[in-house]
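J.:
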Amino acid sequence: MTYLDKASLKVVGTRPIRPDGVDKVIGRAAFGADMVLPGMLWGKVARSPHAHARIKSINIDKALAVPGVKAIVTSADLPAIPSEEAFVGEGPMNFRDLSSNCMARGKVLYDGHAVAAVAATSPAIAEEAAALIEVEYEVLPHVIDVEDAMKPDAPVLHDDLFTQGIDPKPAKASNIAKRITFTKGDFAQGWKEAEVTIERRYTTQPVHQAYIEPHACLVSVGADGQCTIFSSSQGQFMVRAYCAKLLGIDIANIRATPAEIGGGFGGKTLVYLEPVALALSKKAGKPVKIVMSREEVFRGTGPAAGGVIEVKYGAKKDGRLVAAELVVKLQAGAFPGSPVGPACMCGFAMYDIPHVNIVGYDVVSNRPKVAAYRAPGAPNSTFGTESCLDELAIELKIDPLKLREINAAKEGTKAAHGPTWANIGYTQTLDAAKAHPHMKIALGPNQGRGIASGFWFNIGGESAASVYVNEDGTATVVEGNPDVGGSRASMAMMAAEVLGIAYERVRAVVADTSSTGYCFLTGGSRVTFATGMAVTQAAEKVVVELKKRAAMIWDISPDAVDWKDGKAYPAGPNAGSFEPLSLGEIALKAGRTGGPISAEVSINAQGAGAGFATHICDVEIDRETGHVKVLRYTAVQDVGRAIHPSYVEGQIQGGVTQGIGWALNEEYVYDKHGRLDNAGFLDYRIPVASDMPMIEAVMVEVPNPRHPFGARGVGEVPIVPPMAAVANAIADAIGTRMRDLPMSPPKLRAALDLQDPPRLAAE
Amino acid sequence: MPRVSYTAPATVDEAVKALAGAAGLAKVLSGGTDLLVQLKSGRLAPELIVDMKRIPEMIGIREEGEFFVIGAATPGVMLSAHERLEHAFPGIVEGVDLIGSTQIQGRASIAGNLCNASPAADSVPPVIAARATAVIAGPNGRREVAVEAIVIGPGRTSLAKGEFVVEFKVPKPKPRQCDAYLRFIPRTEMDIAVVGCAVNVTLDAGGTCIDARVVLGAVAPTQLIVDEAAQALIGHKLDADTLAKLDLAAQRACKPITDKRGTIEYRIKIAGVLARRAAAIAFERAAARA
Ligand SMILES: Cc1cc2nc3c(=O)[nH]c(=O)nc-3n(C[C@H](O)[C@H](O)[C@H](O)COP(=O)(O)OP(=O)(O)OC[C@H]3O[C@@H](n4cnc5c(N)ncnc54)[C@H](O)[C@@H]3O)c2cc1C
Chain A
1 MTYLDKASLK VVGTRPIRPD GVDKVIGRAA FGADMVLPGM LWGKVARSPH AHARIKSINI
61 DKALAVPGVK AIVTSADLPA IPSEEAFVGE GPMNFRDLSS NCMARGKVLY DGHAVAAVAA
121 TSPAIAEEAA ALIEVEYEVL PHVIDVEDAM KPDAPVLHDD LFTQGIDPKP AKASNIAKRI
181 TFTKGDFAQG WKEAEVTIER RYTTQPVHQA YIEPHACLVS VGADGQCTIF SSSQGQFMVR
241 AYCAKLLGID IANIRATPAE IGGGFGGKTL VYLEPVALAL SKKAGKPVKI VMSREEVFRG
301 TGPAAGGVIE VKYGAKKDGR LVAAELVVKL QAGAFPGSPV GPACMCGFAM YDIPHVNIVG
361 YDVVSNRPKV AAYRAPGAPN STFGTESCLD ELAIELKIDP LKLREINAAK EGTKAAHGPT
421 WANIGYTQTL DAAKAHPHMK IALGPNQGRG IASGFWFNIG GESAASVYVN EDGTATVVEG
481 NPDVGGSRAS MAMMAAEVLG IAYERVRAVV ADTSSTGYCF LTGGSRVTFA TGMAVTQAAE
541 KVVVELKKRA AMIWDISPDA VDWKDGKAYP AGPNAGSFEP LSLGEIALKA GRTGGPISAE
601 VSINAQGAGA GFATHICDVE IDRETGHVKV LRYTAVQDVG RAIHPSYVEG QIQGGVTQGI
661 GWALNEEYVY DKHGRLDNAG FLDYRIPVAS DMPMIEAVMV EVPNPRHPFG ARGVGEVPIV
721 PPMAAVANAI ADAIGTRMRD LPMSPPKLRA ALDLQDPPRL AAE
Chain B
1 MPRVSYTAPA TVDEAVKALA GAAGLAKVLS GGTDLLVQLK SGRLAPELIV DMKRIPEMIG
61 IREEGEFFVI GAATPGVMLS AHERLEHAFP GIVEGVDLIG STQIQGRASI AGNLCNASPA
121 ADSVPPVIAA RATAVIAGPN GRREVAVEAI VIGPGRTSLA KGEFVVEFKV PKPKPRQCDA
181 YLRFIPRTEM DIAVVGCAVN VTLDAGGTCI DARVVLGAVA PTQLIVDEAA QALIGHKLDA
241 DTLAKLDLAA QRACKPITDK RGTIEYRIKI AGVLARRAAA IAFERAAARA
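Sequence order for the protein chains is A and B. 1 is the number of the first residue of the first sequence in the numbering used here; add one for each residue after it. 1 is the number of the first residue of the second sequence in the numbering used here; add one for each residue after it.
1. Please name the residue or residues paired with A:Asp160 in a DSSP beta bridge.
2. With a threshold of 7 Å, establish whether the CB of B:Gly24 neighbours any heavy atom of ligand 1.
3. Just the chain B side, please: which residues come within less than 8 Å of A:Asn446 by C-beta, in chain order?
4. Between the beta-carbon of A:Leu48 and the beta-carbon of A:Gly112, is there less than 8 Å?
5. Residue range of the beta strand (DSSP E) that A:Asn604 falls in?
6. Helix, strand or coil, according to DSSP, for A:His673 in the structure here?
7. Between which two residues does the beta strand (DSSP E) holding A:Ile616 run?
8. With C-beta atoms as the reference, is A:Ala409 less than 8 Å away from A:Met345?
9. Let me confirm a value: A:Ala188 is counted as buried when at least 16 other C-beta atoms fall within 10 Å, else exposed. Which label applies?
10. Does any CB atom of chain A fall closer than 8 Å to the CB of B:Val226?
11. Does the beta-carbon of A:Ile144 have 16 or more other beta-carbons within 10 angstroms, so that it is buried, or is it exposed?
12. Report back the beta-carbon spacing between B:Arg274 and B:Val195 to the nearest angstrom; my notes put them in contact at under 8 Å.
13. What separation, rounded to the nearest whole angstrom, lies between the Cα atoms of A:Thr197 and A:Ala731?
14. Quick one: is A:Tyr518 buried, meaning 16 or more other Cβ sit within 10 Å of its Cβ, or exposed?
15. If contacts are defined as beta-carbon pairs under 8 Å, then A:Gln234 and A:Thr269 qualify, I think. What distance do you get, rounded to the angstrom?
16. Does the Cβ-Cβ distance between A:Glu213 and A:Gly263 come in under 8 Å?
17. Would B:Tyr6 be called buried (16 or more neighbouring beta carbons within 10 Å of its own) or exposed?
18. Report, in whole angstroms, the separation of the C-beta atoms of A:Ala259 and A:Gly32, which I expect to be a contact under 8 Å.
19. Would you check if the distance between the CB atom of A:Ala635 and the CB atom of A:Ala663 is smaller than 8 Å?
20. Can you say whether A:Met1 is buried or exposed, counting buried as having 16 or more other CB atoms within 10 angstroms of its CB?
21. When you compare the stretch 715–725 of chain A with the stretch 601–617 of chain A, are there three or more beta-carbon pairs, one atom per stretch, that lie closer than 8 Å?
22. Assess, as a yes-or-no matter, whether the stretch 130–150 of chain A is touched by the stretch 313–325 of chain A under the definition of 3 or more beta carbon pairs within less than 8 Å.
23. List the residues of chain A whose Cβ lies closer than 9 Å to the Cβ of B:Asp191, in chain order.
24. For B:Asp34, is the beta carbon positioned less than 7 Å from some heavy atom of ligand 1?
25. Take B:Gly155 and list the residues in its own chain whose beta-carbon comes closer than 7 Å to its own, dropping the five residues that flank it on each side.
26. For the 8 Å Cβ check, are there 3 or more pairs between the stretch 617–635 of chain A and the stretch 733–745 of chain A?
27. CA-CA distance, A:Leu478 and A:Arg18?
28. Which whole-angstrom value describes the C-beta separation of A:Ile72 and A:Ala86, a residue pair presumed to lie in contact below a C-beta threshold of 8 Å?
29. Check distances from the C-beta atoms of the stretch 254–274 of chain B to those of chain A and list, in chain order, the residues that come in under 7 Å.
30. If you draw a straight line from the alpha carbon of A:Trp191 to that of A:Gly314, how long is it in whole angstroms?
31. Is any beta-carbon of chain E found at less than 8 Å from that of A:Glu624?
32. Since A:Arg200 sits in a beta bridge, which residues does DSSP pair it with?
33. When you compare the CB positions of B:Glu293 and B:Ala253, do they come within less than 8 Å of one another, or not?
34. Residues in its own chain within less than 8 Å of A:Val66 by CB, not counting five upstream and five downstream?
35. Is the beta carbon of A:Ala177 closer than 8 Å to that of A:Val370?
36. Any heavy atom of ligand 1 closer than 7 Å to the beta-carbon of B:Ile92?
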């Protein structure tokens with residue numbers, strides 16, 4: 001069934017309080033680091049101080065001799081596993097590489113790479129012992145930058161890595177893990193047809209997901225081999241699958257419980273600590289807890305990829321795009337698997353361009369292995385394509401919004417990366433942006449306005465959910481996706497809508513891996529779509545059952561029962577012949593009509609609706625310091641249907657905030673030895689609250705007909721346009737184009753000095 | 001395993017004894033907003049911590065004749081809340097107000113800011129610009145030195161073993177004397193100064209500068225008193241030419257480094273910008289006192 005008629009909805013579209021809210025506000029919610037078990041030990045990971053080095057030997061004798069130390073593990077304690085692509089996280093991953101990322105094998109590949117771990121009776125003892133682990137290294141030349149890593153003479157990270165996707169297969173190992181291409185039409189032909197062409201190069205920096213909660217877990221390996229894992233992640237089933245594979249444990253022997261999660265943004269779609277803690281727990285025979293410090297989070301986890309983006313556009317003078325080319329070179333970090341695929345696919349997805357050529361490179365270097373981050377890859381390529389489109393608009397003297405309208409993808413447009421669009425709302429976001437009062441606000445001196453759009457696929461996938469009717473007429477929803485943005489509330493709302501009862505009478509819980517059916521992780525903006533679909537279907541099955549029970553009580557045919565506003569009504573020939581029965585009344589009699597009433601649904605949800613957004617950003621530049629102040633920000637997005645509008649707005653505002661941080665200040669600072677010099681929030685500058693204007697989230701609702709309520713994923717596309725929107729606004733304000741992120745004050749001041757050379761003492 | 005003892009004496013003398021008696025590294029604790037962070041990160045492993053906050057004379061602000069006397073461990077919020085101090089030295093209070101957040105200012109002291117000896121400390125330039133002195137207690141009794149004599153390099157002070165700052169003495173402003181402090185950070189708060197600049201000026205009745213001190217932070221191993229910049233102001237009103245000279249003088253004084261917080265070139269440029277902007281505020285405030 002679908003519920004696309006908004007006017008008929010009673011719960012969906014309202015803004016009730018989330019069930020996890022109060023505990024989070026008062027500090028009672030149990031996050032990763034909050035759990036304790038009797039007899040628990042504390043783990044600490046020893047990490048590489050080198051960017052690239054061969055491990056010649058590891059001596060643990062001194063560390064083991066420290067009183068209170070119960071176990072020490074190195075990669076020798078994790079089974080060596082063969083190379084095998086994993087499909088349990090978000091984005092590309094190989095089980096063997098993940099194992100080596102959790103515990104370095106043979107070589108360390110980045111500053112902060114785990115080499116050993118200790119379990120001891122206190123955190124202080126574990127820390128002391130970790131410092132006493134003696135690792136003899138042979139330091140190797142390292143490479144940090146993506147293009148340096150691609151050079152033929154670059155230090156090679158993996159002897160067995162040969163570039164995929166080039167013909168003939170190369171004979172020499174390289175840091176380029178793969179080359180991918182997408183083509184539509186004939187780029188050379190389109191380029192010839194163009195009347196105006198533009199070619200530009202842009203760079204983005206890797207940035208950390210910067211979740212406030214550091215990685216943490218508490219695990220226990222029982223004497224009989226049964227394991228429990230309590231950890232903060234974006235998917236307990238993901239944790240279970242990775243740990244099973246990395247340690248050779250049967251899946252049935254692992255019970256993974258998701259902690260409340262203090263932010264993930266994609267960065268918690270893989271494991272770092274859990275396999276290590278399991279190995280320690282097995283060796284020590286006790287539960288082991290490990291909590292990362294913020295420094296460890298920066299040195300050892302994430303980040304999102306950064307890279308180089310080269311863009312070409314060919315257009316007719318009237319603004320019609322005829323050709324476009326995109327080359328993306330993305331950082332994968334120490335192991336292959338950057339999000340170069342989605343980066344390539346998202347860059348031009350907003351437009352209808354006849355001739356397109358796209359090439360992507362996945363490049364390893366001596367940095368932590370990249371992890372997913374909101375719309376992985378898309379912000380990188382889109383910073384290039386949407387900045388370049390703005391440059392083209394200036395060249396063509398066409399309003400940037402108008403240029404987007406002229407070329408916008410619509411129903412039936414074939415995207416460069418393959419699909420033919422159906423039910424998309426891109427032009428609607430342009431219309432809403434154009435009509436928004438923001439566009440009419442006059443700008444003052446040194447102020448500028450920028451527009452940028454963005455796309456993200458959104459995914460569906462495997463989800464299971466159960467709905468249980470309780471004796472008192474309340475209902476419980478059980479599902480398996482960690483709640484990163486208010487999804488428990490949305491699940492309960494969809495169930496309440498279908499059951500016809502108040503939201504407050506439905507509680508949604510996120511259960512452990514042994515208490516609910518399989519759910520793919522919380523990622524790809526899939527949960528409200530896919531798990532929401534499972535919840536809706538389970539609630540519908542419950543309604544069918546409720547009608548059956550009412551029919552039994554009345555002794556009529558179940559077909560002759562209607563369900564409305566939480567009550568069964570006799571219908572058809574029996575209409576009016578019985579008093580309606582409420583869900584509560586039916587629940588009370590459930591024992592006598594066949595037993596408890598519940599339903600479980602397991603699906604592989606298809607038809608996730610594409611997400612498009614158009615953002616408007618106003619900035620003001622302090623020409624003397626180069627400081628950029630974001631004055632106003634309006635983010636228009638096709639959200640399908642906002643199940644809980646506040647949490648949709650929250651996703652939009654959060655994504656924009658992170659995008660502004662990526663645009664203006666965030667970057668990793670490596671010293672000449674390849675060591676990270678800013679592993680903390682003091683010098684890794686995410687925005688603070690006072691850096692942000694109020695971000696206005698404008699929700700355009702073009703329902704996704706493949707979801708019962710019309711929902712689309714909303715969590716990722718908000719981070720796609722901001723970097724270009726900010727850059728375009730800066731260009732509008734000062735007439736100079738910033739093509740390298742971050743657009744930090746020193747870079748802006750240097751750019752301004754080129755326009756207007758200052759009097760400097762140095763001269 | 002690292003162990004640390006803690007003591008909270010009630011008098012300056014007891015504190016001197018405790019510090020002098022420690023065999024290993026002994027650290028003074030005021031607000032702890034630097035010290036505890038360093039302890040936790042493992043950068044520092046003292047044997048003894050001597051907490052100053054229980055010593056009555058080290059907390060609070062008194063007026064003694066021509067001086068404001070500020071107890072060394074006085075938290076920033078008490079300075080901001082002191083109306084007469086705020087009126088006399090809005091620049092000092094600006095420096096204090098920039099330290100961290102409200103929570104941090106509930107602990108953070110000027111003495112800690114100074115003795116942590118970071119070139120970027122925000123409250124230090126305006127205190128130096130006010131020609132304040134520090135009263136130091138130690139095993140050999142008390143001595144009084146100019147505040148600028150205390151920091152000798154990043155993380156290093158001229159205080160001898162067992163010595164600590166008891167209080168600061170800030171001479172009250174003359175007529176038409178006022179100050180201002182500005183810092184530049186890439187964000188709007190919770191950051192470390194890329195450059196800081198305090199300007200303290202005294203004007204005559206006609207608005208001409210008759211005395212000035214310009215102090216830069218974060219552009220050299222210690223705070224810099226820029227005499228050439230003060231000279232650019234003295235004898236002048238704040239016209240375009242004076243501002244340009246001030247800008248150049250501030251730039252010339254800088255001996256910055258390139259690090260994760262800023263490059264040499266950028267810091268130098270910003271020093272000039274901030275000197276001009278801080279001077280403009282200080283002049284306006286001083287003139288308003290006529
Ligand atoms: C989140 C955060 C944000 C911050 N932001 C800023 C900022 O914006 N600007 C800025 O300048 N600083 C900032 N700081 C640093 C710190 O808060 C300041 O330097 C503060 O003024 C230190 O004062 P305290 O009383 O807490 O010093 P403590 O930590 O108690 O001491 C610091 C040092 O001074 C020594 N010391 C303390 N008192 C005395 C004394 N009476 N005599 C001799 N030595 C003494 C201690 O032994 C120690 O070495 C920040 C710190 C944090 C944690």
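Ideal placement from N, C-alpha and C gives every residue a C-beta, glycine not left out. This structure is a prediction, so every number in the text was calculated from the model and none was measured.
T.: According to the data block:
1. The partner list for A:Asp160 (beta bridge, DSSP) is empty, contrary to what the question assumes.
2. no
3. Result: empty, since nearest Cβ-Cβ is about 15 Å, beyond 8 Å.
4. According to the sequence as given, residue 48 of chain A is Ser; it is not Leu. Yes, the Cβ-Cβ distance between A:Ser48 and A:Gly112 is below 8 Å.
5. 598–605
6. coil
7. 611–622
8. no
9. exposed
10. no
11. Around the CB of A:Ile144, 16 or more other CB atoms lie within 10 Å, so the residue is classed as buried.
12. One detail in the question is off: residue 274 of chain B reads as Leu in this sequence, not Arg. Contact flag correct, Cβ pair sits at about 6 Å.
13. 19 Å
14. With a 10 Å radius around the Cβ and a threshold of 16 neighbouring Cβ atoms, A:Tyr518 comes out exposed.
15. The distance from the Cβ of A:Gln234 to that of A:Thr269 is about 5 Å, consistent with a contact at the 8 Å cut-off.
16. yes
17. exposed
18. Their Cβ separation, rounded to whole angstroms, is 4 Å, which keeps A:Ala259 and A:Gly32 in contact under 8 Å.
19. no
20. exposed
21. yes
22. With a cut-off of 8 Å, the stretch 130–150 of chain A and the stretch 313–325 of chain A do not count as touching, because too few Cβ pairs lie within range.
23. Leu682, Asp683, Arg685, Val688, listed in chain order.
24. yes
25. Ala117
26. As far as the Cβ criterion goes, the stretch 617–635 of chain A touches the stretch 733–745 of chain A, which means the pair count is three or higher.
27. The displayed chain sequence assigns Val, not Leu, to residue 478 of chain A. A:Val478 and A:Arg18: Cα-Cα distance of roughly 15 Å.
28. Not really, about 27 Å apart at Cβ, beyond 8 Å.
29. Under the 7 Å Cβ criterion, the stretch 254–274 of chain B contributes Lys260, Arg261, Gly262, Thr263, Tyr266, Ile268, Lys269, Ile270, Val273.
30. 6 Å
31. Structure shown: chain E not included; protein chains present are A and B.
32. Under the DSSP definition of a beta bridge, A:Arg200 partners with A:Val311.
33. The shown model of chain B, from 1 to 290, leaves out residue 293 of chain B, and the question about it has no answer.
34. Ala120, Ile125, Glu128, Ala129, Leu132
35. No. Outside cutoff.
36. no
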